[in-house]
Amino acid sequence: MFGYGRGSYCGYNRSMSRLIDSIAVWLVCLVFAVLVGPGEVHVAAALASWIALCLCQASPWVVARVAMLVAYLVACACWAPLFAFLPLGACLCVSERSWFLRAAWAPAWLAVAIQQGSMNAVLLLVLCGVGAILAWDTSLDRAVRARMRLSCDEVREQMLSLAERARSIQLELEGRSAGAGEATGAEAEAFDPFEGLTERERQVAVLVAEGMDNRAIAESLYLSEGTVRNNISAILQKKQLKNRTQLAVLCLSRG
């Protein structure tokens with residue numbers, strides 16, 4: 096929604112800039128028409144040029160604008176009262192993107208120059224140049240804005256791509272950490288301090304870890320003390336331990 100609004104706002108600014116340029120050139124043409132032509136004639140020409148200006152600005156179709164501009168340039172070349180408004184045609188032509196259309200006002204000026212003489216032709220050429228330069232400056236500004244907008248879009252896309260890549264890397268690292276934690280937990284669960292012992296030796300080892308002496312162990316398991324001592328010796332030998340304390344520590348490491 097925000098992007099659409101920004102694009103609409105930029106398009107509105109461009110249209111307003113073109114309209115302001117065209118109106119400024121039309122006013123200059125109106126002054127020129129008052130100075131060089133009879134009053135009753137330049138009113139009709141001013142009205143016709145104003146209608147052409149509004150139609151060109153309002154039309155969203157390129158083909159329609161091109162047809163309108165060509166008709167307007169032909170009218171400026173053929174109808175003498177309208178020649179003073181040729182700079183408006185130059186401004187409207189240069190505002191378009193087609194290079195052929197941007198130079199279309201030159202033949203119309205040449206036709207007017209042949210009809211009106213050198214003095215008016217030179218002054219009209221100067222005004223056409225002013226209108227063309229003004230429209231060209233606006234077109235350049237529009238192109239710069241378009242390139243800036245494209246650059247901003249590219250930077251934004253790159254930032255989004257980098258953010259997505261960073262997120263993927265983070266998820267991958269978290270997955271590896273979780274996998275390592277699970278592996279460590281599995282290894283811890285797989286560790287068995289009683290591995291290699293018989294069931295009876297396991298029972299004796301547990302009771303040793305609980306701090307019971309040989310007599311208590313014998314009474315608990317209904318064994319003789321000698322059998323208990325033999326089991327403890329076998330346990331120490333299998334686990335390569337030196338005494339009961341180490342055996343107790345080994346048993347406690349299971350929990």
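Under the numbering used here, think of the first position of the sequence shown as 96, with each following residue one higher. Glycine included, every Cβ here is placed at the ideal spot set by N, Cα and C. Remember, it's a predicted structure, so these values are computed and weren't measured experimentally.
{"Query": "Alpha-carbon to alpha-carbon, ALA179 and GLY224", "Result": "13 angstroms"}
{"Query": "Cβ neighbours of ALA227 in the same chain (closer than 6 angstroms, five flanking residues each side left out)", "Result": "ALA185 and VAL189"}
{"Query": "Beta-carbon gap between LEU316 and ILE330 smaller than 8 angstroms", "Result": "no"}
{"Query": "Supposed close pair ALA175, GLN210 - CB separation, criterion 8 angstroms", "Result": "7 angstroms"}
{"Query": "Residue closest to LEU222, alpha-carbon to alpha-carbon, out of LEU336, LEU345, TRP121 and SER328", "Result": "TRP121"}
{"Query": "GLU294 in three-state terms, based on DSSP", "Result": "helix"}
{"Query": "TRP204, enclosing alpha helix (DSSP H) - first and last residue", "Result": "200-211"}
{"Query": "Distance between MET243 and ARG113 (C-alpha atoms, nearest Å)", "Result": "19 angstroms"}
{"Query": "Close Cβ partners of LYS333 (< 7 angstroms) along its chain, the five nearest in sequence each way excluded", "Result": "GLY291 and LEU292"}
{"Query": "Integer-rounded CB distance, given that ALA304 should sit under 8 angstroms from LEU347", "Result": "6 angstroms"}
{"Query": "Exposure of SER117, with buried meaning 16 or more beta-carbon neighbours within 10 Å", "Result": "buried"}
{"Query": "4-residue-minimum alpha helix (DSSP H) runs that sit fully inside the stretch 127-159, ordered along the chain", "Result": "134-153"}
{"Query": "Contact under 8 angstroms by Cβ, LEU164 with CYS171", "Result": "no"}
{"Query": "Neighbourhood of ASN309 by C-beta, 8 angstroms cutoff - its chain only, sequence neighbours within 5 removed", "Result": "GLU320, VAL323, ARG324 and ILE327"}
{"Query": "Between the CA atoms of LEU266 and PHE289 - distance to the nearest angstrom", "Result": "39 angstroms"}
{"Query": "Distance, VAL126 Cα to ALA140 Cα", "Result": "12 angstroms"}
{"Query": "Close beta carbons around VAL217, own chain, < 6 angstroms, minus the five adjacent residues each side", "Result": "none"}
{"Query": "Residue-level contact to chain D via CB, ALA329, 8 angstroms cutoff", "Result": "The question asks about chain D, but that chain is absent: this structure has only one protein chain."}
{"Query": "For VAL169, the nearest candidate out of LEU205, HIS137 and CYS149 (CA to CA)", "Result": "LEU205"}
{"Query": "For PHE195, the first and last residue of its enclosing alpha helix (DSSP H)", "Result": "194-197"}
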